[in-house]
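Position one of the sequence shown corresponds to residue 6 (this note's numbering), numbered consecutively onward.
Reading through the structure tokens given below for one structure.
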Amino acid sequence: MWFTLVITAAIAYLLGSFPAGYLGGRLAGVDIRKLGSGNVGATNVTRTLGKRFGYPVFAVDFLKGVAAVLAAATLTKGDNADPRFVDLCTATAAVFAVMGHSYPVWFRFQGGKGVATMLGTLFALNWIVAIVVCAVWYAVFQATRYVSVASIAAAVALPTAMAAMLIWNQLPSPVLLYFTLLLAALVILRHRSNLSRLFKGTEPRFDRK
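Below, the structure is given as structure tokens:
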């Protein structure tokens, strides 16, 4: 049982660490780490290289999260595990996928913010919560034009929505709630530089076209 959990975490981390943003930059003939904010996530790729590269990078980062959770679910099926253990494995995969994206071993643990990968894990874990989180992100982004503010708001909405699902008896156990608290904390931690720029008034917006 615990071996399955360790394997799940390792696979999820490796999937999450796939350097989509870096490879997208290389396809464009640049090192994305030397452009814009220096971040290898989809936001920096979109801002510096445009939608042509940014959107595919977002899609790959999103699918990394989906793949990690689905891989965990597949591994637990052979264990005749109860729902709580399945939740534990899939939630662990979600957290380690985001960690792999945010702290990839290939780049000295300097990765992206983890938002796209987090959204991918959410759609695989609970699509209702995922839609709520996406709606919060979109509403805040449209109101502020700050990707960072929208991402932080979505991270806060994540455990809130999961707690509501638990209260309404839509979850088999509270395991997912506990792990979404970790996910939210991880995403907010990765945005601490953005928070600093927001307080200084130097955080860049996405201009309306």
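C-beta atoms are modelled at their ideal positions from N, C-alpha and C, and glycine is treated no differently.
Because the structure is a prediction, the values reported are computed rather than measured.
Within the same chain, show all residues whose beta-carbon is closer than 6 Å to that of residue i, passing over the 5 residues directly before and after it, in chain order.
i: Ile-16; result: Ala-76
i: Arg-202; result: Glu-208
i: Val-141; result: Ala-158, Ala-159 and Ala-162
i: Asn-49; result: Gly-41 and Ser-42
i: Tyr-143; result: none
Taking the CB atoms as reference points, tell me whether residue i and residue j lie closer together than 8 Å.
i: Thr-9; j: Leu-80; result: yes
i: Leu-20; j: Gly-105; result: yes
i: Val-91; j: Ala-73; result: no
i: Gly-70; j: Ala-99; result: yes
i: Val-134; j: Leu-171; result: no
i: Arg-52; j: Gly-41; result: yes
i: Gly-125; j: Phe-67; result: yes
i: Val-62; j: Ala-47; result: yes
i: Phe-114; j: Tyr-18; result: no
i: Val-45; j: Gly-26; result: yes
i: Ser-107; j: Arg-197; result: no
In terms of residues, what are the limits of the alpha helix (DSSP H) holding residue i?
i: Ala-15; result: 7-21
i: Asn-49; result: 47-54
i: Ser-198; result: 197-205
i: Gly-34; result: Where Gly-34 is concerned, there is no enclosing alpha helix (DSSP H), given that its DSSP letter is neither H nor E.
Excluding the five sequence neighbours on either side, which residues of its own chain have a C-beta within less than 7 Å of the C-beta of residue i, listed in chain order?
i: Ala-160; result: Ala-189, Val-192 and Ile-193
i: Trp-111; result: Ser-22 and Pro-24
i: Val-145; result: Val-154, Ala-155 and Ala-158
i: Met-123; result: Gly-70, Val-103, Leu-188 and Val-192
i: Phe-211; result: Arg-150 and Val-152
i: Lys-39; result: none
i: Asp-36; result: Gly-30
Within its chain, find whatever has a CB closer than 8 Å to the CB of residue i; leave out the 5 residues flanking it on each side and keep chain order.
i: Leu-130; result: Val-74, Thr-95, Ala-96, Ala-99 and Leu-181
i: Val-11; result: none
i: Met-167; result: Asn-131, Val-134, Leu-176, Leu-181, Leu-182 and Thr-185
i: Leu-32; result: Phe-58
Ranges of the alpha helix (DSSP H) found wholly within the stretch 68-144, counting only runs of at least 4:
88-107 and 120-130
Going residue by residue through the stretch 136-193, where are the continuous alpha helix (DSSP H) segments of at least 4 residues, counting only ones entirely within it?
152-172
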